[in-house]
Amino acid sequence: MRLLIDRRRWLTLGAGVLCHAAWAAPLPPRIASPALTQSDFVRNGLQLHFIPAAQAFAQSTAALRDQLATGCNLQPVRNAWRTAMLDWERLSAVSVGPLLERRSARTLDFWPTRPAMVSAAVQAPPADAAGLEQLGAPAKGLPALEWLLWQRAPDAAQCAYAALLAEACAVEAQSILADFQALARQNWTPETALSVFHEWFSQAVGGFEQLRWKKMGKPARSGRASDWPRATSGNTRAAWQAAWGGLQHFLVGTGRAQEQGSLNGYLAGDNQLDLSAQLESAVAQLQTRLQAADPARSTTVTTAMQALAKTKQLMEDKIAPELKTMVGFSESDGD
């Protein structure tokens, strides 16, 4: 059965990156928690987290494609790109399932941008979006689109190439959504859910490291303003907060009624109430730190990185052993 969730509802429940996030206020005291198996966790995680996020991204990339199909009206097109980028940050914060199998991060988000490769592709573009498969990853995806759309006055060739890139992003987003929906239709047994449970936990830990180091620490160390993620469009802080929103939603959901698809819901259902309380406290602190993080103020970035590292350590050193899982990494974890 295909699950349809309104995009606005997902944005409200998910990250709230442009307004108050779900964790702006503490969760109410816990009264009772339903017991959850790993099969329950996988089913609920797909229905409450991954499918809504994939639906939002599919819708926003389709809107970006449609905007560019009518030409480079810069303000609407830039707004559409920003929405799609933030949806991608939320979806890919915990990069699992189709995102790994399809290597979607390489297809959609090769970063840092390589302007020379984008310019070369503009001068000799493929005939259609399918032809983009013959080009290297640095000439495609959301960062390449960002570089093109934030030119002072994109010319006709740049706009035409941007339209091809947007079409390819929309196709990939639809494929990601279809694959997540196919996963949701599977009959999840304890055996089949076990490996997925381990993968999701590891990738959530990897998501913390992606945000802490690749998107914050490494650019800060370089000292070059252009190295910050989404710097060309001035959306670095919004991108950080969206990525955190995706992690946050996976960790704690949006409250007691919607936590069955979250790690915190699984902990509480497993009667790991002390760990659940520690996770809730860490998430609340991270919410404050990530909201304050600003590339222009190095101390705020350092503080956010420290909070990310602390929560990552909680997951690795305390939660993982109790859940009898191990942390591994994939090629999407970055350097």
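So the sequence shown is residues -24 to -1, 1 to 311, counted in mature numbering (1 follows the signal peptide of the UniProt record, and there is no 0).
The C-beta atom is built at its ideal place from N, Cα and C for all residues, glycine as well.
Counting C-beta pairs with one atom in each stretch, the stretch 16 to 23 and the stretch 170 to 182 have three or more that are closer than 8 Å, which means they touch.
Taking C-beta separations shorter than 6 Å and ignoring five residues to either side along the sequence, the partners of Ala115 in its chain run Met93, Val94, Ala97, following chain order. The alpha-carbon separation between Gln127 and Arg265 amounts to approximately 32 Å. Secondary structure note for Met93: its alpha helix (DSSP H) is the uninterrupted segment 91 to 99. For Glu167, the closest C-alpha among the options Asp16, Thr37, Thr279 is that of Asp16. In the DSSP assignment, Ser238 falls outside any alpha helix (DSSP H) and carries neither an H nor an E.
Only residues of its own chain outside the window of five on either side were considered, and among them Arg188, Met192, Gly193 have a CB closer than 6 Å to the CB of Met281, listed in chain order. Excluding residues up to 5 positions away in sequence, Arg265, Ala268, Ala269 lie with their Cβ nearer than 8 Å to the Cβ of Thr279 in the same chain. Within 10 angstroms of the beta-carbon of Met61 lie 16 or more other beta-carbons, which makes it buried. The stretch 67 to 79 and the stretch 131 to 140 do not touch, with fewer than three beta-carbon pairs separated by less than 8 Å.
For Asp270, DSSP records a beta bridge to Arg273.
The continuous alpha helix (DSSP H) containing Gln14 extends over residues 14 to 21. Our two residues, Gly237 and Leu227, have alpha carbons roughly 9 Å apart in a direct line. Excluding five sequence positions before and after Ala34, the CB atoms of its chain that fall closer than 8 Å to its own CB belong to Ala146, Ala149, Gln150, Ile152, Leu153, given in chain order. Taking a cut-off of 8 Å on C-beta distances, the stretch 205 to 222 touches the stretch 108 to 124, as three or more cross pairs fall below it.
Asp85 sits buried, since 16 or more C-beta atoms from the chains shown fall within 10 Å of its C-beta. Contact check for Ala219 and Glu109: beta-carbon distance about 27 Å, past the 8 Å limit, so the pair fails to qualify.
Ala105 is a Cβ neighbour of Glu143, given a cutoff of 8 Å. Here Lys294 carries a helix assignment [DSSP, helix/strand/coil].
The Cβ atoms of Gln261 and Ala283 lie closer than 8 Å to each other. Distance check between Gly221 and each of Leu12, His25, Val53 places His25 closest, using alpha-carbon atoms only. Here Arg90 has Pro114 as same chain residues with Cβ atoms under 6 Å from its own Cβ, once five neighbours each way along the sequence are excluded.
Here Arg41 has Ala142, Glu143, Ala146 as same chain residues with Cβ atoms under 6 Å from its own Cβ, once five neighbours each way along the sequence are excluded. The straight-line gap separating the alpha-carbon atoms of Thr59 and Thr13 is approximately 35 Å.
Going by C-alpha positions, Gln263 is about 19 Å away from Ala272. A residue is called buried once 16 or more other Cβ atoms fall within 10 Å of its Cβ, and Gln179 is buried on that count.
Around the Cβ of Gly107, a 10 Å sphere holds fewer than 16 other Cβ atoms; the residue is exposed. In the displayed model, Ala105 falls within a helix according to three-state DSSP. The criterion of a C-beta distance shorter than 8 Å is satisfied by Glu298 and Leu251. Taking Leu111 as the centre and dropping the five residues before and after it, the same chain places the C-beta of Ala97 closer than 6 Å to its C-beta, in chain order. In the DSSP annotation of this structure, Cys48 is not part of any alpha helix (DSSP H), being labelled neither H nor E. Taking 8 Å as the cut-off, the Cβ atoms of Ala39 and Leu67 do not count as close. Per the coordinates, the alpha-carbon of Gln224 lies some 14 Å from the alpha-carbon of Asp63. Take Phe156, set aside five residues on each side of it, and the residues of its chain with a beta-carbon closer than 7 Å to its own are Leu22, Phe26, Ile27, Ala30, Gly73, Pro74, in chain order.
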